[in-house]
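S.K.: Numbering (my numbering), first residue to last: 9 to 373.
No residue lacks a Cβ here, since even glycine has one placed at the ideal position from N, Cα and C.
Owing to the predicted nature of the structure, the values given are computational and were not obtained by experimental measurement.
Now the structure itself:
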């Protein structure tokens, strides 16, 4: 009953006295054996993929794909369980709940508890998928994600829906514009932001097979489809969507759709843009980034995220070490506000037009 002992260890004399109080002489012999060294390796990055974007597929909402894919994964893998933070009708985890009610745990608005429970389930051999908004899983439950999931290298899949600005007028309290920086900095954590619904489904299958912690960033709204069903997602692999010689556009998540449209706008002016999609922020395909920079000599990054610590920061880290070239980072510099998705993208200069304008100006400097 002495709180002064917090974070303190007894000296040798106090240890002897304590052992005597516990029943007599006890001798502790230090072990000469070396402690096990835990060095968890992230997946190796395969060579960059070259892919021609599809043009005739219907737009898909990643949250719809999330619910359907969870259900499909659970059909073939008995280890899949889902924990939801009272948002199943928004994240579409309710599709899984209806199909597998005995493997669905409704945790309420207790995100820290939810991550702790997921870690316990993972330690028993299950593969838990956590479903909530990005703002809640990354910030409210960060300590649990760090200590109980990342440090222990448990196969918990942290899924953040409603990422970035496109949260359907929920306002800045629900927008998450710092999550990539936070999760990318965490050792052992794989970080994935797919471009469309097809890639989201493929990424989920890859993450289910990966025996380690992962963060998956998903968008709410339907977006143009870039990939077809014969596309193969590999953790750590970047994708070249367009070859070019004048300027490189590097993007991640659904912002890649806007980067592609910006390249199309630039082409109308005779500007040949190279477009590189980076769906895995960690492990990062450094060689693909270097190759893209070498192709044009200047790089513009764009992301629905703050400029610091996300894709733009990651690209600058790689190029400053391996192939220095001029880089222009497009992203948020402040908290946003409530508004329609299109209005917010316009105000914070993240539309295809803004990307194209920035590239034009950058080329002239």
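Going by the DSSP bridge assignment, what does residue 265 pair with across the sheet?
M.R.: According to DSSP, which records beta bridges pairwise, residue 265 is partnered with nothing at all.
S.K.: In whole angstroms, give me the CA-to-CA distance for residue 351 and residue 358.
M.R.: Distance between the alpha carbons of residue 351 and residue 358: 10 Å.
S.K.: Give the DSSP-derived three-state secondary structure of residue 152 in the structure shown.
M.R.: Helix.
S.K.: Kindly list the residues whose CB is nearer than 7 Å to the CB of residue 337, restricted to its own chain and excluding five residues on each side of it in sequence; keep chain order.
M.R.: The answer, listed in chain order, is 309, 315, 320.
S.K.: Looking only at C-alpha atoms, which of 175, 192, 193, 272 sits nearest to residue 349?
M.R.: Residue 349 has its Cα closest to that of 175, out of 175, 192, 193, 272.
S.K.: Give a yes or no on whether 8 Å exceeds the smallest Cβ distance from residue 309 to chain C.
M.R.: Going by chain labels, chain C is absent from the structure shown, which holds only one protein chain.
S.K.: Using the beta-carbon count (16 or more within 10 Å), is residue 124 buried or exposed?
M.R.: Residue 124 should be labelled buried.
S.K.: Could you check which residue in 272, 345, 103 has the C-alpha nearest to that of residue 256?
M.R.: The candidate whose alpha carbon is nearest that of residue 256 is 272.
S.K.: If you compare alpha carbons, which of 154, 79, 126, 212 is closest to residue 190?
M.R.: Ranking 154, 79, 126, 212 by Cα distance to residue 190 puts 154 first.
S.K.: Since residue 270 contacts residue 284 with CB under 8 Å, what's their CB separation in whole angstroms?
M.R.: With 8 Å as the limit, residue 270 and residue 284 do not qualify as a contact, their Cβ atoms being about 13 Å apart.
S.K.: Just to confirm my understanding: we take residue 229, look at its own chain, exclude 5 residues before and 5 after, and list those with CB closer than 7 Å. What are they?
M.R.: Cβ within range, chain order: 69, 174, 349.
S.K.: If we count Cβ pairs, one from each stretch, closer than 8 Å, do we get three or more for the stretch 158-167 versus the stretch 235-255?
M.R.: No, they do not touch.
S.K.: Where do the ends of the alpha helix (DSSP H) carrying residue 312 lie?
M.R.: No alpha helix (DSSP H) holds residue 312; the beta strand (DSSP E) holding it covers 307-314.
S.K.: Would the beta-carbon of residue 211 fall within 8 Å of that of residue 202?
M.R.: In contact: residue 211 and residue 202 (Cβ atoms closer than 8 Å).
S.K.: In whole angstroms, give me the CA-to-CA distance for residue 30 and residue 14.
M.R.: About 20 Å.
S.K.: Looking only at its own chain, which residues have a Cβ that is under 6 Å from the Cβ of residue 260, when we skip the five neighbours before and after it?
M.R.: Result list for residue 260: 201, 286, 311, 319, in chain order.
S.K.: Please look up how many angstroms separate the CB atoms of residue 206 and residue 170, rounded, as I've assumed it's under 8 Å.
M.R.: 20 Å between Cβ atoms; not a contact.
S.K.: Pull the bridge partners of residue 318 from the DSSP assignment, please.
M.R.: Bridge partners of residue 318: none, in fact.
S.K.: Going by DSSP, name the residue or residues bridged to residue 168.
M.R.: Paired residue(s): 140, 225.
S.K.: Enumerate in chain order the residues of its own chain whose CB-to-CB distance from residue 265 is below 8 Å, with the five nearest sequence positions on each side excluded.
M.R.: Cβ neighbours of residue 265 beyond the five flanking positions: 203, 204, 231, 232, 234.
S.K.: Which first and last residues belong to the beta strand (DSSP E) in which residue 12 is found?
M.R.: From DSSP, residue 12 is part of no beta strand (DSSP E); its letter is neither H nor E.
S.K.: Do residue 294 and residue 282 have their beta-carbon atoms positioned less than 8 Å apart in this structure?
M.R.: No. Outside cutoff.
S.K.: Could you give the C-beta distance for residue 326 and residue 258, rounded to a whole number, given that I count them as a contact under 8 Å?
M.R.: Wrong, their Cβ atoms sit about 10 Å apart, outside the cutoff.
S.K.: Among 159, 236, 93, which residue has its Cα nearest to the Cα of residue 60?
M.R.: Among 159, 236, 93, the Cα nearest to that of residue 60 is on 236.
S.K.: Residue range of the beta strand (DSSP E) that residue 337 falls in?
M.R.: Unbroken beta strand (DSSP E) run through residue 337: 335-340.
S.K.: On a Cα-Cα basis, can you pick out the residue from 198, 126, 12, 208 that is closest to residue 75?
M.R.: Answer by Cα proximity: 208.
S.K.: Could you please give the first and the last residue of the uninterrupted beta strand (DSSP E) stretch that includes residue 373?
M.R.: Run containing residue 373: none; DSSP gives neither H nor E here.
S.K.: Pop quiz: residue 344 and residue 183 are said to be a contact at Cβ under 8 Å. What is the actual Cβ separation, rounded to whole angstroms?
M.R.: Right, their Cβ atoms sit about 6 Å apart.
S.K.: Assuming residue 371 and residue 279 form a contact by the criterion Cβ under 8 Å, report the distance between their Cβ atoms to the nearest whole angstrom.
M.R.: 7 Å between Cβ atoms; contact.
S.K.: Strictly by DSSP, which residues pair up with residue 283?
M.R.: BP columns for residue 283 point to 250, 257.
S.K.: Using alpha carbons as the reference points, say which of 17, 46, 51, 23 lies closest to residue 288.
M.R.: The residue with the shortest Cα to Cα distance from residue 288 is 51.
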